[in-house]
Amino acid sequence: MGKVISVANQKGGVGKTTTAVNLSACLAYLNHRVLLVDIDPQGNATSGVGVEKGSIDQCIYDVLVDSVSAEDVRTPTMVQNLHAIPATIQLAGAEIELVPTISREVRLKKAIDEVKEDYDYVIIDCPPSLGLLTINSLTASDSVLIPVQCEYYALEGLSQLLNTIRLVQKHLNKNLMIEGVLLTMLDARTNLGIQVIDEVKKYFQDRVYQSIIPRNVRLSEAPSHGKPIILYDAKSRGAEVYLDLAKEVVANGERVR
Ligand code: ADP
Ligand code: MG
């Protein structure tokens, strides 16, 4: 049965989508069957794995709002072993349209549960908010992976995220765990990065991944080519570290089991 992991942080630009895309692709590269679910109306994870927006008939919006099955919406990607459920800008309306509906928090969970056994991992790329879409994601997930950018105020806002996680645990999904905290966009040339690493490790202790994602130009170029880093430049530092992260995620899962 697939393990479902939300990549979440309500701050924008911390590396959620980059992580969701590249962790998914690296897990698939390691021969795991992976489903990447895009629930950000921006649809950057969708284009990041090469799914053309123009080619999309139905997207995650139809799953959440019109109860179309995930099986009908998922699509293969250019990466072997990697399927995606795409998002389009249509999803921007879902947050409001879902408000008056029944079981609005568990719609994504229901949809994913139906296809979960086809995968080893389901990775969900969350939008930069703690609204109904992110709540759906946390409710559908076994765990949450939190990217934290190595910047000033790295920990700012995380208490809100942790509070939301606690509320979801209390009311919607008591099994939700913290998968790990991922430090992203480290600029090794500055002391600031080192300070942030210390600060985040003090707070989250052994839940911080050993793999730390460096700032890497190849990682920022890959999306404009519609490719995950292992297809765009397998020899780059970015590809190496995301592959290390994928191995850590697999190993952690085995430790827990
Ligand atoms: P989020 O999904 O949290 O908003 P993104 O993954 O979209 O964040 O990243 C924000 C921007 O930073 C994007 O332009 C992305 O290409 C770039 N980026 C992300 N991670 C890295 C990295 N490790 N090195 C360089 N650029 C990165
Ligand atoms: Mg994003």
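Numbering (UniProt numbering), first residue to last: 1 to 257.
From the three backbone atoms N, C-alpha and C, an ideal C-beta is built for every residue, glycine too.
{"Asked": "Where Arg-189 falls, given that 16 or more other Cβ within 10 Å makes a residue buried", "Found": "exposed"}
{"Asked": "Lys-53 Cβ short of 6 Å to the ligand MG heavy atom set", "Found": "no"}
{"Asked": "Among Tyr-121, Glu-71, Arg-255, Gln-10, the one whose alpha carbon lies nearest that of Ser-24", "Found": "Tyr-121"}
{"Asked": "Option in Ser-47, Thr-139, Asp-244, Val-181 with minimal Cα separation from Asn-173", "Found": "Thr-139"}
{"Asked": "Arg-166 burial status per 10 Å Cβ neighbour count (16 or more: buried)", "Found": "exposed"}
{"Asked": "First and last residue of the uninterrupted beta strand (DSSP E) at Gly-180", "Found": "177–184"}
{"Asked": "Reduced DSSP secondary structure (H/G/I, E/B, other) of Ala-239", "Found": "helix"}
{"Asked": "Gly-54 versus Gln-90, Leu-35, His-32, residue with shortest Cα-Cα distance", "Found": "Gln-90"}
{"Asked": "Asp-40 CB to nearest heavy atom of the ligand MG below 6 Å", "Found": "yes"}
{"Asked": "Cβ-Cβ distance between Leu-132 and Glu-95 below 7 Å", "Found": "yes"}
{"Asked": "Stretch-stretch touch, CB-based, cutoff 8 Å, three pairs: the stretch 24–34 with the stretch 54–65", "Found": "no"}
{"Asked": "Within 5 Å of the ligand ADP: residues by beta-carbon to any heavy atom", "Found": "Gly-12, Gly-13, Val-14, Gly-15, Lys-16, Thr-17, Thr-18, Met-185, Ile-213, Arg-215, Asn-216, Leu-219, Ser-220"}
{"Asked": "Rounded separation between Ile-230 and Pro-41 - CA only", "Found": "25 Å"}
{"Asked": "Check whether Gly-180 and Arg-207 have beta carbons under 7 Å apart", "Found": "yes"}
{"Asked": "Length of the line joining the Cα atoms of Val-37 and Pro-223", "Found": "16 Å"}
{"Asked": "Inside the stretch 75–126 only - beta strand (DSSP E) runs reaching at least 3 residues", "Found": "82–85, 121–125"}
{"Asked": "Closest residue to Val-73 among Gln-80, Asp-57, Asn-81 (Cα-Cα distance)", "Found": "Asp-57"}
{"Asked": "Spatially closest choice to Ala-111 from Pro-127, Thr-101, Asn-136, by CA coordinates", "Found": "Asn-136"}
{"Asked": "Exposure label - Arg-257; buried when at least 16 CB within 10 Å", "Found": "Residue confidence is low: Arg-257 scores 47 on pLDDT, short of 50, so the model does not pin down where it sits. No coordinate-derived value is stated."}
{"Asked": "Top-ranked residue by Cα proximity to Leu-35, from Gly-13, Ile-5, Val-14", "Found": "Ile-5"}
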